[in-house]
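Protein chains in written order, with our numbering: chain P, 1 to 519; chain X, 1 to 82; chain Y, 1 to 496; chain B, 1 to 249; chain H, 1 to 204. No residue lacks a Cβ here, since even glycine has one placed at the ideal position from N, Cα and C.
Here it is as structure tokens:
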């Protein structure tokens with residue numbers, strides 16, 4: 001139907017209000033409300049995707065309050081500007097939201113007893129905020145939605161233990177600095193262009209040639225740094241590991257895959273659609289500085305991931321490294337690099353979701369996510385481990401999974417733009433990820449303690465009681481979302497051509513260099 | 001000329017209030033000075049023509065945030081180390 | 001390589017050959033520990049299905065038609081395409097036939113030693129074989145990379161089957177080498193070709209006449225050549241070979257089939273594919289840096305043979321001998337002549353048959369007597385005549401004496417070397433054959449002609465029948481290969 | 001460590017001052033922000049489009065109504081998050097705070113407050129309803145109403161305030177506020193316009209399209225007022241007692 | 001860096017607003033980064049946000065313009081008495097009219113004011129949430145100084161060494177949330193994130 005784009009955020013918004021109000025009397029009703037509103041929202045998202053693809057210039061612009069473009073100047077009403085990139089990321093967000101809402105029944109009841117209505121209210125509003133960020137076409141509205149997503153994020157993390165509250169405070173301070181810098185950047189844009197609508201800003205920048213004005217350069221720096229802080233890019237990533245490892249299981253499953261990826265989408269939106277390719281790549285010196293920052297980011301994040309002894313902390317540092325990949329993919333200023341970066345946003349969301357759902361199940365059944373407690377899990381929970389390691393192999397980049405194809409385009413981009421430092425760091429971090437995941441396989445599979453002496457007495461005896469290695473799989477309501485997520489990782493890998501051709505249609509109207517061949 | 005003078009005076013007072021709020025050791029005094037800072041900001045905006053913003057800052061900014069700040073301080077320690 | 005009148009037909013059979021073991025895995029896991037015999041029959045059934053499907057394509061190939069099957073559009077220009085041509089089919093036949101033998105052998109071996117987690121063993125064994133067949137039938141560079149990675153990962157649980165300290169170190173070296181080279185050396189080379197081969201975005205197909213490396217400059221060709229040669233670390237070329245002795249911690253059926261036939265041959269097969277189809281013989285010959293590669297191959301052969309001399313552990317000795325024999329195949333490829341490449345492919349088949357017999361014997365000795373070291377094998381010949389007899393035949397085939405298959409391939413290698421005009425290579429072949437004699441025959445000699453050190457050892461009797469039958473079959477196979485060399489040669493396209 | 005923290009501050013300072021060079025003249029009517037088609041449309045056409053004299057309220061509730069809806073959602077989130085964080089997390093025994101004095105609610109204070117509260121609440125309604133003409137509107141009215149309940153909680157104790165405004169009710173009212181706001185937007189969508197297109201309400205109400213916007217804005221302001229009142233009071237109630245909800249300050 | 005007039009003239013006289021907002025911004029930013037007390041950090045955060053709001057509002061300022069509310073003569077609701085200089089009142093009865101550009105200069109720019117309404121409310125919401133976090137930290141660690149807090153977190157991290165949520169088997173949900181406050185709080189307090197070694201001990 002025609003305003004399906006509005007339904008995307010109406011379902012979770014009304015769902016969250018219903019959860020809050022009905023949750024007071026009956027706690028159990030919140031889970032079905034959450035799942036239904038997520039399903040409705042995903043359905044509306046798919047409808048919108050069909051609309052976007054049917055329109056010839058592949059964009060659906062939806063003005064709130066009826067201030068249509070023909071009767072009123074562009075910046076008057078707030079506009080939802082859904083193009084292919086926006087709707088793709090929205091679908092990823094809604095898909096992850098649906099899977100995590102299905103997953104969340106048991107962990108929420110056990111880790112935060114008595115707080116289900118509050119949890120699901122914040123959960124749905126978080127998804128509303130994220131979906132809104134992906135679709136909005138108004139710079140200030142983007143700030144408000146970033147704050148919606150941020151505040152619900154703080155609430156969802158701090159709902160857990162005291163340690164989570166301490167980690168969240170750190171996250172709050174850094175998040176507020178980031179969002180306020182972004183707001184200041186929008187202010188600097190507004191003072192020079194006079195409008196807040198993204199398309200309007202782009203037209204004025206191009207029309208009046210504002211590329212060399214000092215205010216616009218500083219606006220670009222402010223907006224950029226603000227988003228880099230929110231994205232947990234390396235120098236500002238201190239909050240992410242503590243926040244995601246101390247948070248309750250369901251929160252880390254929801255936040256880890258999508259929050260940083262949506263911020264990367266915002267960066268791509270700012271660089272391509274708002275400031276324009278000429279402004280952001282040619283007239284600023286970011287393309288020379290940032291790839292080197294990315295090198296430092298990926299190396300340090302990978303090394304720190306190696307030092308971790310606990311699954312969730314290790315995965316958090318992996319997220320910081322993946323953010324480095326995507327930022328690098330954008331800033332090597334190359335056609336393949338951008339395809340790689342956008343496709344990596346989608347595939348990394350699936351991979352991280354798969355890993356965190358698996359970590360949640362391991363935490364539930366093995367009572368710990370520390371490396372010492374993982375031995376014998378292959379026989380105890382084979383399905384969970386296959387789901388977990390499909391995500392792991394995808395992060396390493398083995399062929400049928402989507403991680404391979406996104407890393408492939410990043411490598412191609414790095415080579416074509418002759419950024420050898422980016423290539424080398426991609427290789428190095430791939431090797432670190434191989435070590436990370438196969439070290440885990442060793443811990444689970446082999447009867448050898450960390451210091452290297454045999455534990456069992458040979459012939460596959462892992463030195464564990466039978467109770468620990470008996471087949472004892474996680475509950476179905478948590479297992480099925482994990483298996484679905486790992487299936488999505490494979491399916492996105494196998495059908496990557498459909499996704500990549502969509503991205504190429506999106507990138508066709510920005511003239512990006514394709515790099516001259518080395519003959 | 002009077003308005004420009006008033007404007008400059010308020011701005012300087014603002015900076016002083018901000019520095020004082022962060023410098024003083026006792027948290028209760030800090031939050032009261034912060035309330036003063038908010039009211040000064042509200043005055044400045046009213047003078048600059050932003051009446052709605054001034055009203056909101058007065059009620060929401062100075063009113064509620066000060067009450068909430070003091071309510072929290074009552075539950076924590078009053079002395080701050082720096 | 002492509003014979004002139006080639007008709008290409010679309011057929012599902014290559015896919016069946018690839019998918020059959022995967023479906024078998026489901027049966028194996030379902031049968032599980034409780035129904036052992038059912039599980040074994042599943043493995044055997046799947047192995048025979050695969051073998052029959054592969055063999056059914058041989059007459060097609062001999063009549064000049066090439067079978068193709070488009071599985072999935074992996075990239076915009078590069079599909080996952082299965083194609084059965086001369087090279088692929090020969091390697092696939094060898095692998096699938098020997099898998100049947102290995103299945104029977106591993107039933108005897110695993111039950112003989114009461115090994116644990118056999119379901120896992122058979123399941124991953126089947127997956128590895130399907131990946132091997134996948135490599136044999138792949139039609140372009142990216143498909144080969146897809147199955148190459150699948151093989152590396154699916155053999156890891158087999159190498160670390162013992163789950164103890166040695167398994168850990170073996171597994172680490174095994175995976176460290178293979179994944180490092182494939183992710184950090186091979187992947188860049190592949191993406192380089194993907195982007196710029198003939199102006200970029202070409203299907204990098206092996207049989208296609210476009211998309212050859214000729215369009216690159218001198219230095220780029222050399223860099224690509226080095227990247228590809230050392231990218232396929234499974235070929236065990238000298239500096240990157242130490243994963244193979246490390247993988248000997250695995251149970252013997254694994255090291256027999258995988259580390260003598262499947263995994264290592266995959267590596268060598270890929271290198272030969274790249275040399276002959278991506279670079280092409282003409283380009284290679286006038287590439288000046290190329291004879292360095294011949295040097296490396298010869299160095300691999302000689303050094304590994306010398307190390308094999310000093311190894312006392314029987315399996316490690318055979319491992320280094322495998323590295324040497326792989327050196328032969330690489331040598332054939334680097335000679336870049338029609339004869340040379342044909343000889344190298346033939347050597348894949350001949351060596352496979354010979355080496356698997358040797359490994360079967362080593363395993364049988366371990367099952368029957370628990371002995372691992374060559375020095376302990378004194379006077380074993382009388383007690384285990386069949387095993388040691390097969391060992392003798394196998395080593396003769398590896399050395400390359402006329403009535404056995406090994407001779408045919410070494411003969412064509414020598415012809416290739418003469419074609420290329422590198423006569424010193426022939427001397428290298430002779431010296432290495434001599435070295436083979438020195439490290440293989442003493443084993444048989446001590447077994448037959450030395451009397452046992454002391455009679456106090458318990459009564460040693462022959463290995464269980466399930467071990468002895470397969471190794472005698474493969475020994476006979478070495479003979480058969482010598483006599484049916486004709487069709488094999490024509491399959492490889494050497495009908496001059 | 002102290003000096004280390006001055007570096008980022010100085011960098012940001014230099015950056016901002018570098019930008020100040022290129023700012024338009026302060027307060028000049030032809031600065032890009034002032035003469036842009038967007039703000040001149042607001043000033044020129046608000047009367048015609050929405051018949052609301054106070055342009056700020058018109059832009060707040062109608063032109064950029066979507067922003068305000070999410071702003072109400074932010075307030076609602078703050079309330080829910082504080083509830084989520086502090087619920088059943090307080091200490092077991094109520095430790096005596098070092099500066100606490102157990103005094104009965106003072107006579108003078110309680111009587112003046114008893115007179116004052118109704119006046120505040122009437123003023124709050126006035127601010128909310130009169131937001132179209134004079135400065136004011138949903139937020140300011142809501143906060144004033146919330147402040148009146150906080151005044152009651154301060155002068156007596158939290159129990160008496162909670163009797164008049166139980167905590168469960170704060171969540172319900174908060175939710176209803178957003179429900180009202182989004183409901184009006186949804187209603188206008190069902191009547192054929194875009195989301196939050198109030199002029200479509202003219203189909204069911206016997207008023208012109210502009211007056212429909214005028215009245216819809218009032219409805220929206222009421223929604224905002226409801227949410228803000230409820231959440232401000234719940235914020236105070238939770239923060240003053242760490243979620244244990246007894247005596248309060 | 002300024003073309004006309006000295007820097008001081010340009011900065012301090014004409015555009016004092018823009019300079020003061022930068023100073024306030026820096027004070028707030030420095031407080032957030034350098035202050036050790038959590039509450040002081042929050043005050044710094046609020047100063048940081050109000051400085052940005054000051055910047056936005058000073059964008060919308062127009063010389064010689066009145067507040068963005070229609071003067072009586074442009075009031076869209078027409079007829080209301082206007083006390084003209086003669087004692088009798090004349091009623092203007094006119095519907096809403098679109099103002100031409102000369103009149104537009106008379107009113108301040110309403111857009112920044114709307115944006116800042118939102119920013120203030122967001123600021124307060126963040127402050128409220130942060131204060132709740134401070135209380136939760138104070139309950140858990142007994143301190144609101146950042147250095148003591150970090151020290152305590154490290155010491156607990158080492159002591160608990162493994163990070164696993166001990167899901168107590170006997171966790172009964174409080175029946176009525178409000179009334180059973182005592183019982184549920186004691187249970188959830190013990191559930192914090194300290195965990196035993198995963199190797200099965202007698203306690204399991």
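Self-check item: Span separating the alpha-carbon of residue 347/Y from that of residue 79/Y
Solution: Rounded to the nearest whole angstrom, the CA to CA distance from residue 347/Y to residue 79/Y is 30 Å.
Exercise. Give a yes or no on whether 8 Å exceeds the smallest Cβ distance from residue 64/B to chain H.
Key: Proximity of residue 64/B to chain H, defined by a Cβ-Cβ separation below 8 Å, is satisfied.
Quiz item: Between the C-alpha atoms of residue 77/X and residue 144/H, what's the straight-line distance to the nearest angstrom?
Solution: One C-alpha to the other measures close to 8 Å.
Quiz item: Does the distance from the CB of residue 106/Y to the CB of residue 51/Y come in under 8 Å?
Solution: Cβ distance not < 8 Å, so residue 106/Y and residue 51/Y don't count as in contact.
Quiz item: From residue 180/P to residue 12/B, what does the alpha carbon distance come to, in whole angstroms?
Solution: Rounded to whole angstroms, residue 180/P and residue 12/B show a C-alpha spacing of 13 Å.
Practice problem: In the DSSP assignment, find the beta strand (DSSP E) that holds residue 63/P and state where it starts and stops. | Solution: Note, residue 63/P: beta strand (DSSP E), 59-63.
Quiz item: Can you name the residues of chain H whose CB is closer than 9 Å to the CB of residue 177/P?
Solution: Within chain H, the residues near residue 177/P are 29, 32, 33, 45 and 48.
Quiz item: Using a C-beta to C-beta distance shorter than 9 Å, which residues of chain H count as neighbours of residue 263/B?
Solution: The requested residue 263/B is not part of the displayed model; chain B covers only 1 to 249.
Quiz prompt | Distance, residue 143/P Cα to residue 385/P Cα | solution = So the alpha carbons of these two residues sit roughly 40 Å apart.
Quiz prompt | Under 9 Å (Cβ pairs) to chain B, residues found in the region 175-204 of chain P | solution = Taking 9 Å as the upper bound on Cβ-Cβ separation, chain B lies near residues 181, 184, 188, 190, 191, 192, 193, 194, 195, 196, 197, 200 and 204 of the region 175-204 of chain P.
Practice problem: Could you spell out where the beta strand (DSSP E) holding residue 164/Y opens and where it closes? | Solution: It is not in any beta strand (DSSP E) - residue 164/Y carries neither H nor E in the DSSP assignment.
Self-check item: Sufficient close CB pairs (3 or more, under 8 Å) joining the region 232-251 of chain Y to the region 149-164 of chain Y
Solution: Enough Cβ pairs lie closer than 8 Å, so yes.
Quiz item: Can you name the start and end residues of the alpha helix (DSSP H) that residue 80/Y belongs to?
Solution: Counting along the chain, residue 80/Y falls outside any alpha helix (DSSP H), though it belongs to the beta strand (DSSP E) covering 80-84.
Quiz item: Given a threshold of 16 other Cβ atoms within 10 Å of its Cβ, counted over all protein chains shown, does residue 48/H qualify as buried or as exposed?
Solution: If you draw a 10 Å sphere on the C-beta of residue 48/H, you find 16 or more other C-beta atoms in it, and that means buried.
Quiz item: Smallest Cα separation from residue 406/P: which of 369/P, 269/P, 177/P and 337/P?
Solution: When each option's Cα is compared against that of residue 406/P, the closest is 337/P.
Quiz item: So, do the region 26-36 of chain H and the region 184-194 of chain B have three or more beta carbon pairs nearer to each other than 8 Å?
Solution: Under the 8 Å Cβ criterion, the region 26-36 of chain H does not count as touching the region 184-194 of chain B, having fewer than three qualifying pairs.
Exercise. Please list the residues of the region 40-51 of chain B that have a C-beta atom closer than 7 Å to any C-beta atom in chain P, keeping them in chain order.
Key: Here the close residues are 41.
Exercise. Examine the Cβ distances between the region 69-82 of chain P and the region 18-33 of chain P and report whether three or more of them are shorter than 8 Å.
Key: Counting Cβ pairs under 8 Å, fewer than three are found: no touch.
Quiz item: Do we get a CB-CB distance below 8 Å when we pair residue 108/H with the residues of chain X?
Solution: Yes, because at least one Cβ of chain X sits closer than 8 Å to the Cβ of residue 108/H.
Exercise. With residue 68/B as the anchor, note down where its alpha helix (DSSP H) starts and where it stops.
Key: If you look at residue 68/B, you'll find it in the alpha helix (DSSP H) that goes 65-86.
Quiz item: Which residues does DSSP pair with residue 82/P in a beta bridge?
Solution: Bridge partners of residue 82/P: 60/P.
Practice problem: Give every residue of the same chain whose Cβ lies closer than 7 Å to the Cβ of residue 436/P, excluding the five residues on either side of it in the sequence, and list them in chain order. | Solution: 305, 306 and 314, listed in sequence order.
Exercise. Could you check the C-alpha separation between residue 28/B and residue 57/B for me, to the nearest Å?
Key: If I take the Cα positions, the gap works out to 24 Å.
Quiz item: CB-CB under 7 Å to residue 520/P, same chain, minus the five flanking residues each way: which ones, in chain order?
Solution: A query on residue 520/P cannot be resolved here, the shown segment of chain P reaching from 1 to 519 and no further.
Self-check item: Where the alpha helix (DSSP H) through residue 30/Y begins and ends
Solution: Counting along the chain, residue 30/Y sits inside the alpha helix (DSSP H) bounded by residues 13-31.
Quiz item: Assuming residue 52/H and residue 184/P make a contact with CB atoms under 8 Å, what is their CB distance in whole Å?
Solution: The Cβ separation is near 5 Å, so the contact holds.
Quiz item: Which residue comes first and which comes last in the alpha helix (DSSP H) that contains residue 234/P?
Solution: Where residue 234/P is concerned, there is no enclosing alpha helix (DSSP H), given that its DSSP letter is neither H nor E.
Quiz item: Along the chain, where does the alpha helix (DSSP H) that runs through residue 65/Y open and close?
Solution: Under the DSSP assignment, residue 65/Y falls outside any alpha helix (DSSP H), being part of the beta strand (DSSP E) whose first and last residues are 65-72.
Self-check item: Own chain residues within Cβ distance below 6 Å of residue 290/P, not counting five before or after
Solution: Excluding sequence neighbours, residue 290/P sits near 331.
Self-check item: Whole-number beta carbon distance between residue 139/Y and residue 68/Y, since they are thought to touch under 8 Å
Solution: In this structure, residue 68/Y and residue 139/Y form a Cβ contact; the two beta carbons are roughly 7 Å apart against a cut-off of 8 Å.
Self-check item: CB contact check: residue 262/P to chain B, cutoff 8 Å
Solution: Not an interface residue.
Self-check item: Backbone CA spacing between residue 415/Y and residue 184/Y [nearest angstrom]
Solution: Between residue 415/Y and residue 184/Y, the C-alpha separation is close to 36 Å.
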